[in-house]
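J.: For the protein sequence lines, the chains are A and B, in the order given. Just so it is clear: in the first sequence, position 193 is 193 by the UniProt record's numbering, and no numbers are missing. Just so it is clear: in the second sequence, position 221 is 221 by the UniProt record's numbering, and no numbers are missing. Let me give you the structure first, and then I'll get to my questions.
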Amino acid sequence: MTDAPPKIRIRDLCKSFGSKQVLDGVTFDVAQGTSCVIIGGSGSGKSVLLRCILGLMTPDSGSIEIDGENILTAPASRRDRLRGEIGMLFQNAALFDSLPVWENVTFGLLARKRLSRRDARTQAGEILAQVGLDPSVGDLYPAELSGGMQKRVGLARAIAARPDMLFFDEPTTGLDPIMGAVIDGLIVNCVKTLGSTAIAITHDMASAQRIGDQAAMLYQGRLVWQGSANTLMDSGNPYVDQFTHGRREGPITMELRR
Amino acid sequence: MDMALDLVAGIGRATLSLFRVTGAIALFALSGLSHIVRPPFYGRVFWGSFLETGFFSLPVVALTALFSGGVIALQSYTGFAQYHAQSAIAGIVVLAVTRELGPVLAGLMVAGRVGAAMAAQIGTMRVTDQIDALDTLSTNPMKYLVAPRLLAGLVALPLLVLIADVLGVAGGFLVAVVKLDFSATAYITATLNALKTEDVTVGLVKAALFGFLITLMGCYQGYNSKGGAEGVGSATTAAVVAASILLLAFDYLITDLFFSH
Ligand SMILES: Nc1ncnc2c1ncn2[C@@H]1O[C@H](COP(=O)(O)OP(=O)(O)OP(=O)(O)O)[C@@H](O)[C@H]1O
Ligand SMILES: [Mg+2]
Chain A
1 MTDAPPKIRI RDLCKSFGSK QVLDGVTFDV AQGTSCVIIG GSGSGKSVLL
51 RCILGLMTPD SGSIEIDGEN ILTAPASRRD RLRGEIGMLF QNAALFDSLP
101 VWENVTFGLL ARKRLSRRDA RTQAGEILAQ VGLDPSVGDL YPAELSGGMQ
151 KRVGLARAIA ARPDMLFFDE PTTGLDPIMG AVIDGLIVNC VKTLGSTAIA
201 ITHDMASAQR IGDQAAMLYQ GRLVWQGSAN TLMDSGNPYV DQFTHGRREG
251 PITMELRR
Chain B
1 MDMALDLVAG IGRATLSLFR VTGAIALFAL SGLSHIVRPP FYGRVFWGSF
51 LETGFFSLPV VALTALFSGG VIALQSYTGF AQYHAQSAIA GIVVLAVTRE
101 LGPVLAGLMV AGRVGAAMAA QIGTMRVTDQ IDALDTLSTN PMKYLVAPRL
151 LAGLVALPLL VLIADVLGVA GGFLVAVVKL DFSATAYITA TLNALKTEDV
201 TVGLVKAALF GFLITLMGCY QGYNSKGGAE GVGSATTAAV VAASILLLAF
251 DYLITDLFFS H
């Protein structure tokens, strides 16, 4: 690697809720224009990690640098601006249910006055087409969509402003395998053509390998493994092996009763 | 001994948490107010909440005012029947309606309708990450969600109360003329004589404050709700209860301030 600072640089990030330590010293880098996939069991803190980077949650300690600038100590206005450079797909899509789909998709563009409301409707149609939705979906309300369609609208909203950074919280969960592959392709495309830097959380190993350059596994608040995404299936790491192959026996003990 | 200590500790804790909540609400209110006057402005959202708070509350508020004006006329008739019933009743109705019944009843009705709806709407947005999503889309949720609603409350309630005043007096008039056989012209003259600008203005000031309190509690409870659908449910209840109590408390304070001497 060169000496240019990584796009996203995270050091010793800790976050706990009450007595529950969710992140316990997470450290990793994501280089400009690459994508990093994060895997890990349910409740291991993947969504919390993304929320910390987005500034929606404040970590207890550690640092988060974007382009070499520590965003945790930056002034609020600067953080707001940085947040505007991140497109986020939330785990449950989080569409605005009082607005029609087209307004959801172009919300960020309208907010930044990059678009007039009149042009927004057509623009929304084009963005929807990219995620495999018919432009006529634009006139529906989120409650009228299936779960998978909501996810794709959420994705459309995240990529609409062609942001510098893209975060995906389980982009393909709830989609059929074909649409899942289409979405993966779209994400890869965003990273390749826009030069965006991406972090994706996923439980789907095929998807992880399609999307990711790098991969990391979160377990008990720490990254227990980091490596190239195409070595996920034969990483030689006992945690990753157990996770990717879905074995019941291994170092990971599911805390079913806690 | 132990029990006494527990009691003191309990009271201390309750007092502390009261202060904390009061402080949090005050900060929330200040932040909301400061966003009302700083651009960008979300006219569309304001207009929506204005219609919701004002226009769609009209039927409820109108009926409430009409009936309570009527009831006041009826009640004071039974009390004053022998004496100068006509002018006394008109005076009592207009005073009660413009000073108290108009603002308070309209406020309580709107608290039940709009305060609850706002808490539910914003609370749902909170628990489904929509508020976080606003943040990631270059939109300040305080500015987008809270400020327009506060403004809508401030503007809509006085208008509603103005209408409630008119209808409350009309309710009294109807009862007096139709049921109690009073002369219509005499009743109207007595009403106009008893009508004071100050009463109406203070009533409207109350209304603006109530509108602010109602929307504030709806927004605050919704904004801070957590814990899924159940959390939204309790936020809704809390918003209505808190708004109603605050409304009556401030009603007392303002009345004391303007009318007690
Ligand atoms: N706002 C919060 N308050 C308290 N605890 C929280 C909060 N958010 C998350 N947690 C806790 O943090 C832990 C990690 O949550 P997180 O949502 O990051 O899991 P996840 O890895 O995304 O899981 P999944 O794959 O199921 O989405 C959970 O145990 C959860 O209970
Ligand atoms: Mg999650």
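Quick reminder that beta carbons are idealized off the backbone N, C-alpha and C, glycines included.
(1) Looking at the C-beta of A/Ala-156, does it have a partner C-beta in chain B at a distance below 8 Å?
(2) May I ask you to report which of helix, strand or coil DSSP gives A/Met-57?
(3) Heavy atom of ligand 2 less than 7 Å from the Cβ of A/Asp-67, yes or no?
(4) Check whether chain B comes within 8 Å of A/Ala-74, counting only Cβ atoms and requiring the distance to be less than that.
(5) Reducing DSSP to helix, strand and coil, say where B/Asp-6 ends up.
(6) Assuming B/Gly-222 contacts B/Met-118 (C-beta within less than 8 Å), just tell me the rounded distance between them.
(7) Using a Cβ-based criterion (distance less than 7 Å to any ligand heavy atom), does A/Ser-98 qualify as near ligand 2?
(8) I want to see whether chain B comes within less than 8 Å of A/Leu-194, judged by CB atoms only; does it?
(9) May I ask you to list, following chain order, the residues of the stretch 116 to 149 of chain A that have a beta carbon less than 8 Å from some beta carbon of chain B?
(10) State buried or exposed for A/Arg-210, treating a residue as buried only when at least 16 other CB atoms are found within 10 Å of its CB.
(11) Which two residues bound the contiguous beta strand (DSSP E) that contains B/Thr-98?
(12) A/Lys-15: beta carbon under 7 Å from a heavy atom of ligand 2?
(13) How close, in whole Å, do the beta carbons of B/Leu-167 and B/Leu-66 come, if the pair is a contact with beta carbons under 8 Å?
(14) Given a threshold of 16 other Cβ atoms within 10 Å of its Cβ, counted over all protein chains shown, does A/Glu-249 qualify as buried or as exposed?
(15) List the residues of chain A that B/Ser-138 touches, going by C-beta distances under 8 Å, in chain order.
(16) In its own chain, which residues sit with a C-beta less than 7 Å from the C-beta of A/Leu-115, not counting the 5 before and 5 after it?
(17) Taking 7 Å as the line, does the beta carbon of B/Gly-227 fall inside it for any heavy atom of ligand 1?
(18) Given this structure, state the Cα-to-Cα distance separating A/Ile-53 from B/Arg-149, to the nearest angstrom.
(19) Using the beta-carbon of each residue, find all residues closer than 7 Å to any heavy atom of ligand 2 and list them in chain order.
(20) Given the structure, does A/Gly-174 come close to ligand 1, in the sense that its CB is under 7 Å from one of the ligand's heavy atoms?
(21) Is A/Ser-44 near ligand 1, going by C-beta to nearest heavy atom under 7 Å?
(22) For the candidate residues A/Gly-148, A/Gly-227, A/Arg-9 and A/Ser-42, whose alpha-carbon lies nearest to that of A/Tyr-219?
(23) Going along the chain, which residues of the stretch 53 to 67 of chain A sit with their C-beta nearer than 7 Å to a C-beta in chain B?
(24) With DSSP as the reference, please indicate the residues paired to A/Gln-226 in a beta bridge.
(25) With H, G and I counted as helix, E and B as strand and the rest as coil, what does DSSP make of B/Thr-237?
(26) Just checking, does the stretch 135 to 151 of chain A make contact with the stretch 60 to 75 of chain A on the three C-beta pairs under 8 Å criterion?
(27) Taking only beta-carbon atoms, is A/Phe-243 less than 8 Å away from chain B?
(28) Using the three-state DSSP reduction, which class does A/Phe-17 fall into: helix, strand or coil?
(29) Helix, strand or coil, according to DSSP, for A/Ile-178 in the structure here?
(30) Going by beta-carbon coordinates alone, are A/Phe-167 and A/Ile-86 separated by less than 8 Å?
(31) Classify A/His-245 as buried or exposed, calling it buried when 16 or more other Cβ atoms lie within 10 Å of its own Cβ.
(32) From what residue to what residue does the alpha helix (DSSP H) around B/Phe-55 run?
(33) Sorry if obvious, but does the Cβ on A/Lys-7 come closer than 7 Å to a heavy atom of ligand 1?
(34) Return the Cβ separation of B/Ala-208 and B/Gly-32 in integer angstroms, given the expectation that the two are a contact with Cβ distance under 8 Å.
(35) Quick one: residues in its chain with C-beta nearer than 7 Å to the C-beta of A/Arg-162, no 5 flanking neighbours on either side, listed in chain order?
(36) Closer than 7 Å to a non-hydrogen atom of ligand 1 - does that hold for the CB of A/Gly-147?
T.: According to the data block:
(1) no
(2) coil
(3) no
(4) no
(5) helix
(6) 6 Å
(7) no
(8) no
(9) none
(10) buried
(11) B/Thr-98 -> no beta strand (DSSP E), and no H or E assigned at all.
(12) no
(13) 5 Å
(14) exposed
(15) Asp-80, Arg-83, Gly-84, Gly-108, Ala-111 and Arg-112
(16) Thr-106, Leu-109 and Gln-123
(17) no
(18) 30 Å
(19) A/Lys-46, A/Ser-47, A/Gln-91, A/Asp-169, A/Glu-170 and A/Ile-201
(20) no
(21) yes
(22) A/Ser-42
(23) Leu-54 and Leu-56
(24) A/Ala-216
(25) helix
(26) no
(27) no
(28) strand
(29) helix
(30) yes
(31) exposed
(32) Where B/Phe-55 is concerned, there is no enclosing alpha helix (DSSP H), given that its DSSP letter is neither H nor E.
(33) no
(34) Not confirmed; about 15 Å, so no contact.
(35) Leu-194
(36) no
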